[in-house]
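Asker: Each residue of the sequence shown is one higher than the last, beginning at 257 in this note's numbering. Ideal placement from N, C-alpha and C gives every residue a C-beta, glycine not left out.
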Amino acid sequence: MRCVDVAALFAAAILRRNPDSVVIPFDTQAYKVCVDPGDTILSLSERLARYGGGGTNCSIPLNEANTTYRKRKFAGCVLVSDNESWVGSGRYGSTGVMSEWQTFVKNQMRLGGHGTAAPKLVCVDIQPYSSTQAPERADILNIGGFSDAVFNVVASYLSGDAGRFVAEVEAIEL
257 MRCVDVAALF AAAILRRNPD SVVIPFDTQA YKVCVDPGDT ILSLSERLAR YGGGGTNCSI
317 PLNEANTTYR KRKFAGCVLV SDNESWVGSG RYGSTGVMSE WQTFVKNQMR LGGHGTAAPK
377 LVCVDIQPYS STQAPERADI LNIGGFSDAV FNVVASYLSG DAGRFVAEVE AIEL
């Protein structure tokens, strides 16, 4: 199974539960795609898997959110990739992902005001290596590999329930 297939399956599953989500297929560019959350997960996955699959620039979907969707409020972003983002660089030695993430957070806080929870970033690295595009911190979760357990871990993290999140992680058999 290719990384793009897993990413498409993940996007289709998110759309099924959150039909107002925005899906941005990418490789070295963003692709415009019209999705119908009412489609079956398999048909959405098949359609989405046609996009991308070449090089990787993980900052592209965040840049797209910061430009095309800059007036839209988001709870956060889920990046699904092989995370080998060899294209794009950030400012002052940071990755392009971190530069775009900082812009995203600043814009989302501006849109939501001071009473709004800060957005969260989830980076699902389907083929984990020794590096990451965004270092782990309170607003960033890195997940290496993929199984059906990833959906529960992501849901727990995004819900902000630390106890549930820890329980989900501890329940995974190694």
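1) From the DSSP secondary-structure annotation, give me the bridge partner or partners of leucine 318.
2) What residue does the alpha helix (DSSP H) around isoleucine 396 start on, and which one ends it?
3) Spell out the partners DSSP gives lysine 376 in its beta bridges.
4) Suppose you measure from the CA of aspartate 292 to the CA of serine 337; what does that come to, to the nearest Å?
5) I'd like to know whether the C-beta atoms of glutamine 389 and glycine 352 end up nearer to each other than 9 Å.
6) Opposite alanine 286 in the DSSP bridges: which residues?
7) Rounded to whole angstroms, what is the Cα-Cα separation between threonine 324 and phenylalanine 266?
8) Output the boundary residues of the alpha helix (DSSP H) element that contains aspartate 338.
9) Kindly identify the DSSP beta-bridge partner or partners of aspartate 381.
10) For arginine 393, which three-state DSSP category applies?
Answerer: Per the coordinate set shown:
1) Reading the sequence shown from its first residue, position 62 is the one you call residue 318. Beta-bridge pairing links leucine 318 to no other residue.
2) Sequence index remark: in the sequence shown, residue 396 carries index 140 (1-based). Run containing isoleucine 396: none in the alpha helix (DSSP H); it sits in the beta strand (DSSP E), 396 to 400.
3) As a working mapping, residue 376 is identified with position 120 in the sequence shown. DSSP, once it has assigned bridges, lists Gly332 as partnering lysine 376.
4) In the sequence shown, counting from the first residue as 1, residue 292 sits at position 36. In the sequence shown, counting from the first residue as 1, residue 337 sits at position 81. Whole-angstrom Cα-Cα distance: 22 Å.
5) In the sequence shown, counting from the first residue as 1, residue 389 sits at position 133. In the sequence shown, counting from the first residue as 1, residue 352 sits at position 96. Yes, these two residues count as a Cβ contact at 9 Å.
6) The residue given as residue 286 occupies position 30 in the sequence shown. Per DSSP, Phe282.
7) Here the question's residue 324 lines up with position 68 in the sequence shown. Here the question's residue 266 lines up with position 10 in the sequence shown. Their Cα atoms are separated by approximately 22 Å.
8) As a first step, residue 338 must be located in the sequence shown, where it is residue number 82. Premise fails: aspartate 338 is in no alpha helix (DSSP H) and is neither H nor E.
9) Translated into the one-based positions of the sequence shown, residue 381 becomes position 125. In DSSP, aspartate 381 forms a bridge with Ser337 and Gly400.
10) As a working mapping, residue 393 is identified with position 137 in the sequence shown. DSSP places arginine 393 in strand when its eight states are reduced to three.
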